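Take a look at the structure below.
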């Protein structure tokens, strides 16, 4: 215990004496919470639309008009022909083309309508698919409006009502904030311990420790505890910042948010230590850690849905702790889920924590 | 002049020797980008294609059975089966399903009314887990489309350039942009700061060799290393991920090589503002990951950002590279159409190298 | 061969191989209490590798040995409680002060806070170093760093102190002072095991061994060695012995 005490004292002295780290630990989460919740949105708006009107009827003008006045669209112009519109699309001056065939109004009034065609630039898959969905809706409602004005029954559009739970206002920020907290923890608790230990290796200071009777578990604990504290400080700062800036509070229990973070921090920093134990240079450690971290971030469901991955990759995500942590954080933060609802995820996270913790103690060798 | 060139070559040789001797680091630096490229190229996808749907069916009927079958046959949906109405909230909260379709008692009657074009009550109620608004918006649109598919007059929709919506195409330039920036920045910043830490940089700086020579000699081996990475990544993109690379290899290579130089310059600049390897790596890895993933247009389109962040994203080199590479690799535009991106990247490279050299020179005086 | 039980270090046929390369090749020697034992050899002769095995930092490939009465193969961690070690590369924490380093290592060896304070002050006073007590170690000149590293290695009053090239890169005056410190420790009953490639420093040692290509080529007091080889200085002895060397230099 006494040994652990002096080692911890040393770690904290070094941490506070570093000209860079303490500032980083405070300002990095604030900056991230300030900037990135605004970035991470997949909501589609301002879709630039070009209308090719070959019908030139009151209906086709109505459709153009509806598009022009919709908040989702940025009406470009009415093009003469489809080829010219397509050229604009290739030059990235428009995102979608609505092409109304000649004689469209007439065919509708006869009861056997021709088809409007909608072409969208799908290089941005979300924009393409959502944009064309919006366009489908808006052309449909324009036609209905037109028919009603003419007093013609027979094309009522049936509907399905939609109830949005947990995030009624559909604010994307709220969905991103828990994921940003996870990214922060992955970066801070993954990179810092790995760099710290390899730094001691490169400088030779770890050898001076290895030649003393310090137990390896005690030394590892002294390395890990400061990063648990740092991780919790980072979480607290980001929760507080997101509350101040966006008024977002966990709809589930605060304690459970911290509990999950605690387990994840242990797991992540232990993983950093394992990587450091296998690396002899900083650059090697940082490359290995970068590898792990990018997989955790990009495949853990933080930024893109796991369900969208190919099936083999979805199975692969079962070995990523970030996957479980992501589910827990979002469900607790946004849906008010409890530890009971998420018992499987907590169990998986705890198991990973145990495994990595053990690995950290085993892979550190005082003797070669 | 000749003597100077001799010194330069000697320095480059020394740096190459450094790099090659550390075979573990070399292996890691060559393998990791490739593995990540393949992994992310195949898996990253923002397209929604697996909405898990549960059904509340108070009064089963033939038409409801047919309707639910449509969902199990559709690749965009996974059915989680029928659920009791009391458990809707629990199912959504635990994340078992993303959406629940609640059919009304008199679904059959409402359906036939709709088919005859009569104004009808809602066909069904959709309860969405809107914690992810994107899934909620898109999923609701998809689900409505399927439920109403038979009864509505819908236009023909064409998605261009990538009609199968294979997102791999779209993300390959993004992944390249992120990987090159971070890896090159880490390699150069640490290589220079390591010499500072060990004190060998001072020895070099007091020698008659000009800082420019020392710095370029340091960067050349990493430039070659990155070229090897570029070659593997382009080959993989073409033959494994099947990215079309339509604009021709010359302009793709041109932009990529410039971008590699820029990324090395970013590392160089970082090395002039830090004195310790830990700090240099914290900045080049931790500091660059977030902006180059989030502000580069890799996953989140620049045009969706608020104005201020759009301006901010202009300083992220990856933004311009990704924009250019998407146009070249996927859309197959001519080089002249990405000239603005190219010039911005060039300007950034020159500016960063100039800044770094200024700082180096300052220190000698 | 049996081990010398009264000796603090006793080694028989100690060998370390890295793949095909034999860094240390069947060395055997004994070091008694209070002795200053010089472990001489060119760079790459295997001195540091041998020393690391004695300190429990590295496992021998074969051979046996005892340090402070404990088996080097099986009781590495128990050896560590009784030895002090100063590595070739300065390895105290540069971002901690002089006293903070002492408090850390004192604490690790189980000294109480008061004990550490007393011993640290005594040491610093003896070195005329009290005003640097709260100076960051990184800002000290190299000579002072080396003296400090040695003092920290003696803080817990170990039976044996291992010093790996302690005077590398240090000016002649500081080197002399350093050897005086070593002599003082030996007079207090501590055993010192010192590697060096400065042959003139051998004169400070009671006995020296000369290592060439992983093997001990000679082992005796400097005077007897000079006589044996008919040489005027240890430098000459070494050159005679190292003539056939394949590595190092």
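Residue numbers (my numbering), protein chains in the order written: chain A, 745 to 1112; chain B, 5 to 369; chain C, 478 to 726. Note that CB positions come from ideal geometry on N, CA and C, so glycine has one too. If you're wondering where the values come from, they're calculated on a predicted model, not measured in any experiment.
Same chain only: Cβ atoms within 7 angstroms of residue i, ignoring 5 sequence neighbours per side
| i | result |
| --- | --- |
| residue 170 of chain B | Confidence at residue 170 of chain B is low in this model, with a pLDDT of 46, below 50, so its placement is unreliable and the value that follows should be read with caution. Correct list: empty, nothing qualifies. |
| residue 348 of chain B | 324 |
| residue 273 of chain B | 356, 359, 360 |
| residue 2 of chain B | Any property of residue 2 of chain B remains undetermined from this structure, which presents chain B solely from 5 to 369. |
| residue 234 of chain B | 260, 264 |
| residue 306 of chain B | 314, 317, 323 |
Among the options, nearest to residue i - alpha-carbon criterion
| i | options | result |
| --- | --- | --- |
| residue 762 of chain A | B:239, B:283, B:315, B:269 | B:283 |
| residue 174 of chain B | B:363, B:351, B:132, B:333 | B:333 |
| residue 277 of chain B | B:36, B:200, B:70, B:329 | B:200 |
| residue 1080 of chain A | A:911, A:880, A:841 | A:911 |
| residue 888 of chain A | A:849, A:840, A:1078 | A:849 |
| residue 1003 of chain A | A:1094, A:967, A:1100 | A:1094 |
| residue 33 of chain B | A:1028, A:845, A:1089 | A:1028 |
| residue 130 of chain B | B:186, B:179, B:144, B:342 | B:144 |
| residue 666 of chain C | C:491, C:632, C:513, C:494 | C:513 |
| residue 997 of chain A | A:935, A:1075, A:766 | A:1075 |
| residue 1051 of chain A | B:279, B:100, B:20 | B:100 |
| residue 631 of chain C | C:561, C:658, C:700 | C:561 |
| residue 1013 of chain A | A:1068, A:1099, A:1112 | A:1099 |
| residue 930 of chain A | A:971, A:967, A:964 | A:971 |
| residue 1038 of chain A | B:216, B:248, B:182, B:287 | B:182 |
| residue 515 of chain C | C:691, C:595, C:680 | C:680 |
Counted within 10 angstroms of its Cβ, other Cβ atoms place residue i as buried (16 or more) or exposed
| i | result |
| --- | --- |
| residue 54 of chain B | buried |
| residue 773 of chain A | buried |
| residue 41 of chain B | buried |
| residue 168 of chain B | Caution is warranted here: a pLDDT of 39 is assigned to residue 168 of chain B, below 50, making its placement in the model unreliable, and no coordinate value can be reported. |
| residue 218 of chain B | buried |
| residue 694 of chain C | buried |
| residue 88 of chain B | exposed |
| residue 892 of chain A | exposed |
| residue 642 of chain C | buried |
| residue 705 of chain C | exposed |
| residue 927 of chain A | buried |
| residue 745 of chain A | exposed |
| residue 90 of chain B | exposed |
| residue 369 of chain B | For residue 369 of chain B, the pLDDT reaches just 44, beneath the cut-off of 50, and the residue's location in the model is therefore unreliable, although a value from the coordinates is still provided. The residue in question, residue 369 of chain B, is exposed, as its Cβ has fewer than 16 Cβ neighbours within 10 Å. |
| residue 340 of chain B | exposed |
| residue 479 of chain C | exposed |
| residue 1116 of chain A | Outside the shown range of chain A (745 to 1112) lies residue 1116 of chain A, about which nothing can therefore be said. |
| residue 1044 of chain A | buried |
| residue 18 of chain B | exposed |
| residue 81 of chain B | buried |
| residue 905 of chain A | exposed |
| residue 245 of chain B | buried |
| residue 633 of chain C | buried |
| residue 310 of chain B | exposed |
Same chain, Cβ closer than 6 angstroms to residue i, neighbours up to 5 away in sequence not counted
| i | result |
| --- | --- |
| residue 134 of chain B | 140 |
| residue 559 of chain C | 545, 635, 636 |
| residue 38 of chain B | 236 |
| residue 549 of chain C | 542 |
| residue 829 of chain A | 794, 796, 823, 841 |
| residue 525 of chain C | 641 |
| residue 651 of chain C | 620 |
7 angstroms Cβ cut-off: residues of chain F touching residue i
| i | result |
| --- | --- |
| residue 54 of chain B | Protein chains A, B and C are contained in the structure displayed, whereas chain F is not. |
heavy atom of the ligand NAP below 6 angstroms from residue i C-beta
| i | result |
| --- | --- |
| residue 229 of chain B | Summarising the ligand content, the structure contains no ligands, and the ligand NAP is consequently not present. |
Contact set for residue i: own chain, Cβ-Cβ below 8 angstroms, skip 5 residues either direction
| i | result |
| --- | --- |
| residue 483 of chain C | 509, 510 |
Which runs of the beta strand (DSSP E), 3 residues or longer, sit entirely within the region 903–960 of chain A?
Runs of the beta strand (DSSP E) inside the region 903–960 of chain A: 905–909.
What residue ranges within the region 20–81 of chain B form continuous alpha helix (DSSP H) runs of no fewer than 4 residues, ordered along the chain?
If only complete runs of 4 or more residues are kept, the region 20–81 of chain B shows the alpha helix (DSSP H) at 27–47, 66–76, in order along the chain.
Residues of the region 1068–1102 of chain A whose Cβ lies closer than 8 angstroms to any Cβ of chain B, in chain order
So the list reads 1071, 1074, 1075, 1078, 1079, 1080, 1081, 1085, 1086, given in the order they occur along the chain.
Return the chain-ordered ranges of every alpha helix (DSSP H) run that is complete within the region 263–318 of chain B and spans a minimum of 4 residues.
You should have 281–285, 292–298, 311–317.
Can you list, in chain order, the stretches of the beta strand (DSSP E) that have 3 or more residues and sit fully within the region 538–606 of chain C?
Listed in chain order, the beta strand (DSSP E) runs fully inside the region 538–606 of chain C are 539–544, 560–563, counting runs of at least 3 residues.
Using a Cβ-Cβ cutoff of 7 angstroms, what residues of the region 271–286 of chain B are near chain A? List them in chain order.
Cβ contacts with chain A come from 281, 282, 283, 285, 286.
Residues of the region 747–761 of chain A in Cβ contact with chain C at a cutoff of 8 angstroms, in chain order, please.
Answer in chain order: 747, 749, 750, 751, 753, 754, 757, 758, 761.
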